[in-house]
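S.K.: Chains as they are written, first to last, in my numbering: chain E, 675 to 885; chain X, 675 to 885.
Virtual Cβ for every residue (Gly too), placed ideally from N, Cα, C.
Sending over a structure as structure tokens; questions will come in a sec.
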DNA sequence: ACTCCTTTGCGTTATTCTTACACAACTATT
DNA sequence: AATAGTTGTGTAAGAATAACGCAAAGGAGT
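Shown next, in the form of structure tokens:
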């Protein structure tokens with residue numbers, strides 16, 4: 675029997691401007707950034723606590739995934755605190771209630787974080803990259819019209835290697851359809867066609883890797 | 675700030691008699707089986723607590739993997755109890771201190787378990803199967819001489835499908851070498867050659883699946 | 001209009017991997 | 001010696017992958 679507090683952290687990931695981003699919060703008066711979090715109450719489970727964070731942003735909590743627990747004895751000097759970290763993949767359009775103190779950050783450009791939030795994010799990012807190898811999860815990031823170059827950039831970041839543009843297209847073609855529309859803001863270069871994912875369920879790894 | 679107890683569970687998996695097995699404990703006077711476990715103390719982390727369970731069996735704790743937390747409010751009626759589940763893959767020869775009240779069970783034939791230990795095992799087994807797709811993890815189960823039929827049986831259970839014997843062999847041949855010895859107890863049929871894994875590191879998925 | 005530059009779309013080829021088999025080799029049993 | 005059960009080896013068709021060349025569509029500058 676121990677007396678402690680249990681923190682629940684939520685890593686909210688999305689794709690914005692061709693980059694994988696995470697939602698962070700700057701608390702008033704603090705110089706560092708924070709992950710959205712909540713203290714577990716005696717009458718709730720970790721999952722329901724994480725769900726309440728989702729509710730705050732009006733996000734569906736049905737794809738919540740537990741990442742890791744952080745329990746080093748001294749991670750909080752004042753009192754024994756154990757943290758459980760969750761992640762959620764969303765598309766950026768589903769982010770409501772997105773107030774001024776919240777901001778999306780490129781996962782490769784995380785600002786100075788409070789306490790050990792930086793390592794919690796690092797762990798969650800590793801977890802995210804595994805999940806994104808499953809096409810069913812990747813779909814969450816691209817619910818509406820997307821172009822092949824956009825999709826490829828995310829995959830290249832996940833796999834951490836460059837992929838041939840033409841071979842990449844061939845791999846994904848069986849799972850998408852053209853909308854007929856084209857990209858609007860090319861800033862030079864040929865406009866890209868817009869695609870959407872088909873509804874088929876796909877439990878297949880398109881790239882033969884395990885991470 | 676809540677007062678609760680935190681349980682650490684350890685799912686110890688091994689391969690024995692061509693089956694994936696888990697180490698369970700029957701406590702004196704109890705009619706049900708238990709997972710090896712430990713209550714978290716105020717001055718230790720979850721990892722170090724799980725390591726202490728490993729020590730009891732003289733098992734190296736360097737491959738401990740966190741599986742899941744179980745935090746339903748009523749999972750223990752008497753007091754608020756949160757469980758964190760770990761898993762460890764070992765080869766059966768490394769199991770010392772293996773006393774009479776402990777027993778290995780086929781993961782497809784789990785006995786009647788105490789409390790929610792059954793669902794903790796189910797979750798850990800799912801976790802294990804993912805891990806075994808990584809050949810580096812599979813090696814732990816087959817440290818010494820093994821035959822192709824033995825290896826294949828484990829893979830068929832993980833993938834939950836039958837694999838062609840000859841194609842399976844071709845896939846794994848680049849990663850093993852013959853010892854020159856042959857299987858001793860064939861009970862009829864041609865004796866199988868014995869193999870060992872090469873030392874190469876392999877972060878590749880030999881079967882194109884995500885689970 | 002024309003050229004240059006950039007980006008996207010499409011196709012071709014050689015190579016590798018996968019799949020589905022047939023058949024021989026080895027052992028124990030009868 | 002014949003049979004049954006199991007393992008080892010080969011081969012050929014088909015699919016997937018990797019490495020390219022090149023055309024098409026737009027913007028910017030002249």
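1. Assuming the contact rule is C-beta atoms closer than 8 Å, residue 866/X and residue 822/X should be a hit. Round their C-beta distance to whole Å, please.
2. Please compile the residues from chain X whose C-beta is within a distance smaller than 7 Å of the C-beta of residue 758/E.
3. Tell me the DSSP secondary structure of residue 829/E in three-state form.
4. Since I believe residue 798/X is in contact with residue 761/X (beta carbons under 8 Å), could you give me their beta-carbon distance rounded to a whole number of angstroms?
5. Starting from residue 714/E, find everything on chain X with Cβ-Cβ shorter than 7 Å and list it in chain order.
6. In the DSSP output, what is residue 743/X paired with across the bridge?
7. Which chain E residues are close to residue 679/X, counting only those with a beta carbon under 8 Å from its beta carbon?
8. When you compare only the Cα positions, how much space is there between residue 703/E and residue 776/E?
9. Under three-state DSSP, which class holds residue 711/X?
10. Can you tell me where the beta strand (DSSP E) holding residue 870/E begins and where it ends?
11. Since residue 828/E contacts residue 694/E with CB under 8 Å, what's their CB separation in whole angstroms?
12. Going by alpha carbons, who is nearest to residue 792/E out of 763/E, 764/E, 808/E and 759/E?
13. CA-CA distance, residue 870/E and residue 813/E?
14. Using a beta-carbon distance cut-off of less than 9 Å, what residues from the segment 718–739 of chain X approach chain E?
15. Which of the three DSSP states, helix, strand or coil, is assigned to residue 727/X?
16. Is the Cβ-Cβ distance between residue 711/X and residue 681/X less than 7 Å?
17. Using three-state DSSP, classify residue 857/E as helix, strand or coil.
18. Within the continuous alpha helix (DSSP H) that includes residue 700/E, where are the two ends?
19. For the candidate residues 698/X, 676/X and 834/X, whose alpha-carbon lies nearest to that of residue 686/X?
20. Using the Cβ count rule (16 or more neighbours within 10 Å means buried), how would you classify residue 729/X?
21. Tell me whether residue 681/X sits in a helix, a strand or coil according to DSSP, three-state version.
22. Kindly indicate which residue of 773/X, 675/X and 691/X has the alpha-carbon position closest to the one of residue 816/X.
23. Distance, Cα to Cα, residue 824/E vs residue 731/E?
24. At a CB-CB cut-off below 9 Å, which residues of chain E make contact with residue 747/X?
25. For the segment 833–850 of chain X, enumerate the residues whose C-beta is nearer than 7 Å to any C-beta of chain E, in chain order.
26. With residue 778/X as the anchor, note down where its beta strand (DSSP E) starts and where it stops.
27. Taking just the CA atoms, how far does residue 714/E sit from residue 720/E?
28. In three-state DSSP terms, what is residue 794/X?
29. Specify the secondary structure class of residue 808/X as computed by DSSP and reduced to three states.
30. Please report the distance separating the alpha-carbon of residue 839/X from that of residue 723/E.
31. Considering residue 840/X, what are the terminal residues of the alpha helix (DSSP H) in which it resides?
32. Listed from N- to C-terminal order along the chain, which residues in the segment 854–873 of chain E have their beta-carbon within a distance smaller than 7 Å of any beta-carbon of chain X?
33. Helix, strand or coil for residue 851/X? Go by DSSP, reduced to three states.
34. Spatial neighbours of residue 855/X within its chain, please: C-beta separation below 6 Å, excluding the five flanking residues on both sides.
35. Under a three-way DSSP split, which group does residue 822/E fall into?
36. What is the rounded straight-line gap between the Cα of residue 778/E and the Cα of residue 747/X?
M.R.: Straight from the coordinates:
1. If you number the second chain from 1, residue 866/X lands on position 192. If you number the second chain from 1, residue 822/X lands on position 148. Contact flag correct, Cβ pair sits at about 6 Å.
2. The sequence position of residue 758/E within the first chain is 84, counting from 1. The answer, in chain order, is 743.
3. Here the question's residue 829/E lines up with position 155 in the first chain. Helix, per DSSP.
4. Numbered from its first residue, the second chain carries residue 761/X at position 87. Numbered from its first residue, the second chain carries residue 798/X at position 124. Right, their Cβ atoms sit about 5 Å apart.
5. Within the first chain, residue 714/E is the residue found at index 40, counting from 1. Under the 7 Å cutoff, chain X gives 676.
6. One-based indexing of the second chain puts residue 743/X at position 69. For residue 743/X, which the question treats as bridged, DSSP gives the partners 758/X.
7. Here residue 679/X refers to the residue found at position 5 when the second chain is read from its first residue. Those within 8 Å of residue 679/X in chain E are 675 and 676.
8. Position 29 of the first chain, counting from 1, holds the residue named residue 703/E. Position 102 of the first chain, counting from 1, holds the residue named residue 776/E. Cα-Cα distance, rounded: 14 Å.
9. For this step, residue 711/X is matched to residue 37 along the second chain. DSSP, reduced to helix, strand and coil, places residue 711/X within a strand of the structure shown.
10. Here residue 870/E refers to the residue found at position 196 when the first chain is read from its first residue. Element bounds for residue 870/E: 867–871.
11. Translated into the one-based positions of the first chain, residue 828/E becomes position 154. Translated into the one-based positions of the first chain, residue 694/E becomes position 20. Cβ atoms of residue 828/E and residue 694/E come within 8 Å of each other, at about 6 Å.
12. As a position in the first chain, residue 792/E is number 118, starting the count at 1. If we check each option's Cα against that of residue 792/E, 759/E comes out closest.
13. By 1-based counting over the first chain, the position of residue 870/E is 196. By 1-based counting over the first chain, the position of residue 813/E is 139. When the Cα atoms are used, residue 870/E and residue 813/E turn out to be separated by approximately 9 Å.
14. Residues passing the 9 Å Cβ filter: 718, 719, 720, 721, 722 and 723.
15. Position 53 of the second chain, counting from 1, holds the residue named residue 727/X. The answer is helix: DSSP assigns residue 727/X an H, G or I state.
16. Your numbering for residue 711/X matches position 37 in the second chain. Your numbering for residue 681/X matches position 7 in the second chain. The Cβ-Cβ distance between residue 711/X and residue 681/X falls below 7 Å.
17. For the purposes of this step, residue 857/E is taken as residue 183 along the first chain, with counting starting at 1. Looking at residue 857/E - three-state DSSP - the assignment turns out to be coil, as it is neither helix nor strand.
18. One-based indexing of the first chain puts residue 700/E at position 26. Per DSSP, residue 700/E is not a residue of any alpha helix (DSSP H); the beta strand (DSSP E) it occupies stretches across 693–700.
19. For this step, residue 686/X is matched to residue 12 along the second chain. When each option's Cα is compared against that of residue 686/X, the closest is 698/X.
20. Locating residue 729/X in the second chain gives position 55, where the first residue counts as 1. With fewer than 16 Cβ atoms within 10 Å of its Cβ, residue 729/X is classed as exposed.
21. As a working mapping, residue 681/X is identified with position 7 in the second chain. Reduced to three states, the DSSP call for residue 681/X is strand.
22. Position 142 of the second chain, counted from the first residue, corresponds to residue 816/X. Residue 816/X has its Cα closest to that of 691/X, out of 773/X, 675/X and 691/X.
23. On the first chain, position 150 is the one that residue 824/E refers to. On the first chain, position 57 is the one that residue 731/E refers to. One alpha carbon belongs to residue 824/E, the other to residue 731/E, and they sit about 26 Å apart.
24. On the second chain, residue 747/X is found 73 positions in, with the first residue counted as 1. Within 9 Å of the CB of residue 747/X, the CB atoms of chain E belong to 716, 717, 718, 719 and 722, in sequence order along the chain.
25. Result list empty, no residue passes.
26. Stepping through the second chain from its first residue, residue 778/X is reached at position 104. It spans 776–780 - the beta strand (DSSP E) in which residue 778/X sits, taken as one unbroken run.
27. Numbered from 1 along the first chain, position 46 holds the residue referred to as residue 720/E. Numbered from 1 along the first chain, position 40 holds the residue referred to as residue 714/E. C-alpha separation (whole angstroms): 7 Å.
28. Position 120 of the second chain, counted from the start, is the residue given in the question as residue 794/X. Residue state, collapsed to three classes: helix.
29. Here residue 808/X refers to the residue found at position 134 of the second chain. Strand, per DSSP.
30. What you label residue 839/X is simply residue 165 of the second chain in a count that begins at 1. What you label residue 723/E is simply residue 49 of the first chain in a count that begins at 1. Roughly 48 Å separates the two Cα atoms.
31. On the second chain, residue 840/X is found 166 positions in, with the first residue counted as 1. From DSSP, the alpha helix (DSSP H) with residue 840/X extends over 839–846.
32. Within the segment 854–873 of chain E, no residue qualifies.
33. Taking the second chain and counting its residues from 1, one reaches residue 851/X at position 177. Of the three classes helix, strand and coil, the one that applies to residue 851/X here is strand, per DSSP.
34. Residue numbering aside, residue 855/X sits at position 181 when the second chain is read from its first letter. 868.
35. Locating residue 822/E in the first chain gives position 148, where the first residue counts as 1. Secondary structure of residue 822/E (DSSP, three-state): helix.
36. As a first step, residue 778/E is located in the first chain; it is residue number 104 there, counting from the start. As a first step, residue 747/X is located in the second chain; it is residue number 73 there, counting from the start. Going from the Cα of residue 778/E to the Cα of residue 747/X covers about 33 Å.
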